[in-house]
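So in our numbering, spot 245 of the sequence shown is number 252, and the numbers just go up one at a time.
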Amino acid sequence: MAISKSKIRLLKSRPLCIICAKPQEVQIVARTLQITKDHISSSDIPELGDGYDFYLGTFNIISKDGGEARSLEYYVTSPYRQGIQTFSIQAGTLFHVLRPQFAVHAGVCAGYAKEGIKLEDVIFGDMAINYEEGKWVVEKGQKLFKPSYRTIECRTVASIVGFTQSSLEPTYKYGGYISGSAVREDANEIFDLLRTSVSRDICALEMEASAFLMLCKHHKNIKCLGVVKGVSDLGDSNKAHDPDTYKRSLQVTASAVREWAIYALRNVEWNTDEDDSIVAEFVNIYYENFVRIALDAVGSKQDLTIANDNQRKVQSKDVKGMKVVMPENDDPSAYSESGHIAKIANDHGLESVTIGQSNLGRGLFYKDGYLIDFPRLLNKFAHEDRIQQAKIFQKLLIRKPYFTVSSAESTPLAATATWEDFVKFAPTAPN
């Protein structure tokens, strides 16, 4: 399996995309979320092209009614450089190829001081305009810019206004965004103009928010989580004089995104495109070429032959079913070599058997009425996400016919078993 295929499917299986404006922001956000170890470069994914870095993480989400915690997998990424044009093209490509189910735009912005916005506040927004849209005209010999402001609003999964108003964090503020193509040191003039002519909610200035919200509206499969940006300057002559403020603003942004995502998605269902994953292909291969052939042979009353002793047989009528044993802690590395499997069989008193004839013969293990297999096929999964893929393997396998109950059966003929269940069924054999 080509590396690009496994990695692109790994990214496609993650429901949440956190997209920043530039790689420098991604680095700080990833460090704050403590996810710098799990990294993918788009140089391995031709469908995306160069320029993207992805850092992989997981949020644990508990539902509003206090149910079982769920794992929300996400990645943090950005275009290769800042700017509204680059963002529009690269974010649009990413949304088209990876098709995330949820997306949030994170980063830094300039805040409107007259509204009480302070450095390192965090602005949550679901509305933006591009203040540079319009046309230049010449009137009476003078060049004039006539703006054509268009408000872009994107409804978020949960109320972003309600979240900021109910939050115990006083630095969380709701507001609208102004987007443009250049860094400005006269932000207050723009704020004053647009708060009067467009919306009193406007309180943040940056480059990409309007493009992000427009992309979310265009890609109907994406549920928007809005724009979350920390205030790193106040759009004046002091801009960029304190690099520590920039860093701290991104750190509080990362924490705010985590808190907002957990809040917004606590009662929302999501899928992981499991049927479109590399795992599904291996489940089909394993089931059709191994499980089905072995159990079809049992059903046609073919007896089991004990390995190394052709005179001993296990009659098919004595076979109660089949157990597919998942590795300890769902880590496929436990099955990486055939010697590992042989040792497990020896330690737990399993007999090696063969069922089926000629090219349809399949080798398994047997104990107390059950065929037993340890699927080494799991070792073909992508190393960086092998445990999660093993869990998906089990989830997809139990949907197959022999693992489900038919009208003529009270229990399925095949079942998966956790490592703990297997050890209870077949304790370590005495020496």
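For glycine and all other residues, C-beta sits at the position ideal for the given N, C-alpha and C.
On a predicted model such as this, the values are computed, not experimentally measured, just so you know.
Cβ contact annotation for Tyr181 (same chain, cutoff 6 Å, sequence separation greater than five): Phe131, Val168 and Thr171, in chain order.
In the same chain as Ser206, and ignoring 5 residues on each side of it, the C-beta atoms closer than 6 Å to its own belong to Gly183, in chain order. Around the beta carbon of Ile292, fewer than 16 other beta carbons sit within 10 angstroms, so the residue counts as exposed. About 5 Å separates the CB atoms of Val235 and Ala263; that is less than 8 Å, so the two are in contact.
Around the CB of Ser85, 16 or more other CB atoms lie within 10 Å, so the residue is classed as buried. In the three-state reduction of the DSSP assignment, Asn137 falls in the strand class, which pools E and B.
Each of Lys44, Arg369 and Ser239 was checked against the Cα of Ala314, and the nearest Cα belongs to Arg369. Leu40 is positioned such that its CB atom lies closer than 7 Å to that of Ala261.
The beta-bridge partner set that DSSP reports for Leu79 consists of Phe66. Taking a C-beta distance under 7 Å as the contact criterion, Ile185 and Tyr138 qualify as a contact pair. Taking a C-beta distance under 7 Å as the contact criterion, Thr411 and Pro419 qualify as a contact pair. Taking C-beta separations shorter than 8 Å and ignoring five residues to either side along the sequence, the partners of Pro22 in its chain run Leu79, Glu80, Tyr81, Pro107, Gln108, Phe109, Trp277, Asn278 and Thr279, following chain order.
Between the segment 293-306 and the segment 324-344 there are three or more C-beta pairs closer than 8 Å, enough to call the two in contact. Going by C-alpha positions, Ala268 is about 20 Å away from Val238.
In this structure, the CA atom of Thr158 is about 36 Å from the CA atom of Arg77. Ranking Asn274, Phe372, Val275 and Tyr294 by CA distance to the CA of Val321 puts Phe372 first. Thr163 has Cys231 as its beta-bridge partners, per DSSP. Taking 7 Å as the cut-off, the Cβ atoms of Asp128 and Thr178 count as close. Taking 7 Å as the cut-off, the Cβ atoms of Leu105 and Lys19 count as close. Counting along the chain, Thr260 sits inside the alpha helix (DSSP H) bounded by residues Pro250 to Ala271.
Close CB contacts of Pro339 within its chain, under the 7 Å cut and outside five residues either way in sequence, are with Leu385, Asn386, Phe388, Arg393 and Ala397 (chain order). Nearest neighbour of Leu63 by Cα position, chosen from Gln395, Leu175 and Lys44, turns out to be Lys44. Contiguous beta strand (DSSP E) elements confined to the segment 302-375 occur at 311-313, 316-321, 328-332, 358-362 and 369-374, taking only those with 3 or more residues.
The alpha-carbon of Ser70 is positioned some 21 Å away from that of Arg162. Rounded to whole angstroms, Arg299 and Asn228 show a C-alpha spacing of 36 Å.
A Cβ-Cβ separation of about 6 Å places Ile68 in contact with Leu272 under the 8 Å criterion. Here Leu257 really is in contact with Val115; their C-beta atoms are around 6 Å apart, less than 8 Å. Across the set Thr435, Ala113 and Lys230, the C-alpha of Ala113 shows the shortest separation from the C-alpha of Arg265.
Ranked by how close their Cα comes to the Cα of Gln395, the residues Glu344, Ala352 and Pro334 have Pro334 in first place.
Taking a C-beta distance under 7 Å as the contact criterion, Ile47 and Phe61 qualify as a contact pair. Ala301 is the residue among Ala301, Glu32 and Gly356 whose C-alpha sits nearest the C-alpha of Ile362. The beta carbons of Phe400 and Val286 sit about 5 Å from each other, so the pair counts as a contact at 8 Å.
The three-state reading of DSSP puts Lys19 in helix, counting H, G and I together.
Per DSSP, Ile96 lies in no beta strand (DSSP E); the unbroken alpha helix (DSSP H) holding it starts and ends at Ile91 to Leu105. Taking a 10 Å sphere around the C-beta of Leu175, we find fewer than 16 other C-beta atoms and assign the residue as exposed. If you compare the alpha carbons of Pro30, Asp133 and Glu75 with that of Val111, the shortest gap goes to Asp133.
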